[in-house]
Amino acid sequence: EQARDNTEWQFPNEVLQSQVFDFDGTDYINLDTLVNLGVNSTISFWYKTSANNQGLVVLGGASGPYEYVVQWGSAVNKVYFRVGNTVQEFTGVTEIQDGNWHNYCIVRTGAGAELFVDGSSRDTLTGLPATTDTLIDVIGATSSGTSALNNSYLTQVAFWDTDQSTNITNIYNYGSPQSS
């Protein structure tokens, strides 16, 4: 277990290194329960692919007309982040398809969000709906599980219903997956 109520979390990498989701473009993980992260939250995951992943969904969410929360952009080097009906894009994310493992953290604080890649701030967003919750129900596809299925490796997916921006370095340094 990576997090416990009212305690500091740790990533014991030696325990997690063999736990990698290998998505082949036909499968996904249905969480069965909608995860409500509220308006202040942190999403972290490690991702690896060498394929063209434009338009593929990392995390799906069922609210609004769009069925994703985090999606690789339909244009190269972009990450889309959706809250309710509002979609915005983080730009300049050149690591997405280089064939190496990278840690992505999105910290949302009300109407703003910040993307961290491998522990470094990459881009910020403003203008998100400050009172609309971040909702997630699928890993690796849209919430219906019928489109934008991922073809990649994904590991150490973690959600917090709090701002973990002061812990980004720890999340990155203590969560490195072993190569697969």
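The opening position of the sequence shown corresponds to residue 1004 in our numbering, with each subsequent residue numbered one higher.
Note that the Cβ used here is the ideal one computed from N, Cα and C, for glycine as well.
Limits of the unbroken alpha helix (DSSP H) element including residue i
| i | result |
| --- | --- |
| T1172 | I1171 to N1176 |
Simplified DSSP assignment, three categories, for residue i
| i | result |
| --- | --- |
| S1168 | helix |
| D1035 | strand |
| Q1100 | coil |
Nonlocal neighbours in the same chain, by C-beta distance under 7 Å from residue i, ignoring five residues either side
| i | result |
| --- | --- |
| G1095 | N1080, R1125 and D1126 |
| Y1175 | N1106, D1121 and G1122 |
| I1171 | C1108, F1119 and G1122 |
| G1113 | V1042, N1043 and A1133 |
Sequence-distant residues of its chain with Cβ nearer than 6 Å to residue i (five each side left out)
| i | result |
| --- | --- |
| P993 | In this structure the chain extends from 1004 to 1183, so residue 993 is not present and cannot be described. |
| Q1074 | V1060 and Y1083 |
Residue range of the unbroken beta strand (DSSP E) whose run includes residue i
| i | result |
| --- | --- |
| Y1107 | H1105 to T1112 |
| G1115 | G1115 to V1120 |
| V1086 | K1081 to V1086 |
| T1094 | T1089 to T1094 |
| S1188 | Nothing in the structure corresponds to residue 1188, since the chain is present only between 1004 and 1183. |
| A1151 | A1151 -> no beta strand (DSSP E), and no H or E assigned at all. |
Status (buried if at least 16 other CB within 10 Å, exposed otherwise) for residue i
| i | result |
| --- | --- |
| N1153 | buried |
| G1102 | exposed |
Whole-Å CB distance - residue i paired with residue j, under 8 Å assumed
| i | j | result |
| --- | --- | --- |
| F1048 | L1157 | 6 Å |
Distance cut-off 6 Å: residue i Cβ against heavy atoms of the ligand NAD
| i | result |
| --- | --- |
| V1082 | For the structure depicted, the ligand NAD is absent and the ligand set is empty, with no information on it obtainable. |
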